[in-house]
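Here the structure comes first, spelled out in structure tokens, and everything after it is commentary.
There are 2 protein chains.
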Amino acid sequence: MTKRLAIGDLARQTGTKVNTIRFYEEIGLLPEALRTPSGRRSYDTADLRRLAFIRHGRQLGFSIPEIRSLLALSDQPDRDCADAAAIAREHLHEIGIRIARLETLRSALTDVATSCEGGRAAECRVIEAIAGTELAI
Amino acid sequence: MTKRLAIGDLARQTGTKVNTIRFYEEIGLLPEALRTPSGRRSYDTADLRRLAFIRHGRQLGFSIPEIRSLLALSDQPDRDCADAAAIAREHLHEIGIRIARLETLRSALTDVATSCEGGRAAECRVIEAIAGTELAI
DNA sequence: TATACAATCTCCAGTCACTGGAGGATCAAG
DNA sequence: CTTGATCCTCCAGTGACTGGAGATTGTATA
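This is the structure in structure tokens:
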């Protein structure tokens, strides 16, 4: 029999608050947990992976509806493949933009960090880095 | 004299709600706006860039305290250069992780999108993509 | 010049995604 | 059998907005 996890284990291993896990169950992001005879929630590694996905997704700035839609890609049987492809393509564009902005920000921050070590204060380009170029200023 | 923007212009050009701009002023993320004789807020392109930075930062998953700290890199005179470098280095690590996760997610989504076009449903690796490898499963 | 209607103002209540605590039951170690 | 950690439900509070009421101002058209 495979190893079962208590809610506290899940919380520790994913850096999530116990209350947050119960909240995710309530809104249907996590399935209703199995219960022990005494009524405590019991999880397995699939729940662990799903929760880790949710938490990382949130840290990356995805909303709960967006995460729901990404999870649906994994949840749905493969007969909805065309739908899945459409959802995937929708997210791909936005993700490209985010990666580009983070990379520009990274290089701006690297400039700040390294130029200070060199003893000279660099022109700070942090705002410019992710203020974005799509604005006609 | 340079062009001045009303709050609605700022809102349109950055995709922000008017109320949100006022909220950012209230919590000190944006400076107190200059007012016209009749009391309306009036902005310039520096405000526009600052607001664009804030909005993109939020979309990238940074909290308001984090954005405050990034903005401080631009706001502070360069005598606090060592502090600035420390702040920059703190963010750099986290940003590297986010970029890596987004790139893994991008490739998983690309797999979903392209394999569906090929007529075959791919094994969906979306959860695995950003569930993360740091979990000992 | 009158008028209408869009944009702004302040203030305040509501939403989303958690977060924390009260009050009580259960489990595991000593 | 006690003690302390963990769990349960329920509910109130926080952070970051979002929307609306009611009043004022700005501007475009008749």
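Residue numbers (my numbering), protein chains in the order written: chain A, 1 to 137; chain B, 138 to 274. The beta-carbon is built from N, C-alpha and C at its ideal position, and this holds for glycine as well.
Starting from residue i, follow its DSSP beta bridges and name the residues at the other end.
| i | result |
| --- | --- |
| residue 143 of chain B | B:179 |
Name the chain B residues that come within less than 9 Å of residue i, Cβ to Cβ?
| i | result |
| --- | --- |
| residue 10 of chain A | Residues of chain B passing the Cβ test: none, with the nearest at roughly 11 Å. |
With a CB to CB cut of under 6 Å and the five nearest residues on each side skipped, what residues in its chain are close to residue i?
| i | result |
| --- | --- |
| residue 143 of chain B | none |
| residue 235 of chain B | none |
| residue 14 of chain A | 51, 52, 55 |
| residue 84 of chain A | 73 |
| residue 61 of chain A | none |
| residue 240 of chain B | none |
| residue 196 of chain B | none |
| residue 30 of chain A | 24 |
| residue 274 of chain B | At residue 274 of chain B the pLDDT is 29, less than 50, meaning the model places this residue with poor confidence; the figure from the coordinates comes in the next sentence. Correct list: empty, nothing qualifies. |
Please list the partners that residue i has in chain B, where partner means a Cβ-to-Cβ separation under 7 Å.
| i | result |
| --- | --- |
| residue 15 of chain A | The premise fails here: residue 15 of chain A is roughly 10 Å from chain B at the closest Cβ pair, so nothing lies under 7 Å. |
| residue 5 of chain A | Within 7 Å Cβ-Cβ: nothing; residue 5 of chain A doesn't reach chain B, min ~11 Å. |
Between which residues of its own chain and residue i is the CB-CB distance below 7 Å, once the five residues before and five after are set aside?
| i | result |
| --- | --- |
| residue 178 of chain B | 144, 170, 172 |
| residue 272 of chain B | Interpretation of residue 272 of chain B is limited by its pLDDT of 40, a score under 50 that renders its predicted location unreliable; the figure taken from the coordinates is listed afterwards. Cβ within range, chain order: n/a, list empty. |
| residue 155 of chain B | 144, 145, 148 |
| residue 25 of chain A | 32, 33 |
| residue 113 of chain A | none |
| residue 233 of chain B | none |
Going along chain B in order, which residues have a C-beta closer than 8 Å to the C-beta of residue i?
| i | result |
| --- | --- |
| residue 33 of chain A | None at all; the shortest Cβ gap to chain B is about 18 Å. |
| residue 95 of chain A | 239, 242, 243, 246 |
| residue 50 of chain A | 264, 268 |
So with CB distances below 8 Å, who are the chain A contacts of residue i?
| i | result |
| --- | --- |
| residue 235 of chain B | 59, 60, 102 |
Output, in chain order, the set of chain A residues within a Cβ distance shorter than 7 Å of residue i.
| i | result |
| --- | --- |
| residue 226 of chain B | 113 |
Might you give, ordered along the chain, the residues of its own chain that have their beta carbon closer than 8 Å to the beta carbon of residue i, omitting 5 neighbours on each side?
| i | result |
| --- | --- |
| residue 44 of chain A | 2, 3, 4, 5 |
| residue 224 of chain B | 206, 207, 209, 210 |
| residue 185 of chain B | 142, 147, 150, 151 |
| residue 27 of chain A | 64 |
| residue 143 of chain A | With chain A represented from 1 up to 137, any question about residue 143 of chain A goes unanswered, as that position is not in the structure. |
Give, in chain order, every unbroken run of the beta strand (DSSP E) that is at least 3 residues long and sits entirely within the region 162 to 247 of chain B.
Here the runs fully enclosed are 178 to 180.
Using Cβ-Cβ distances below 8 Å, what residues of the region 156 to 168 of chain B are close to chain A?
So the list is empty, because no residue satisfies the distance condition.
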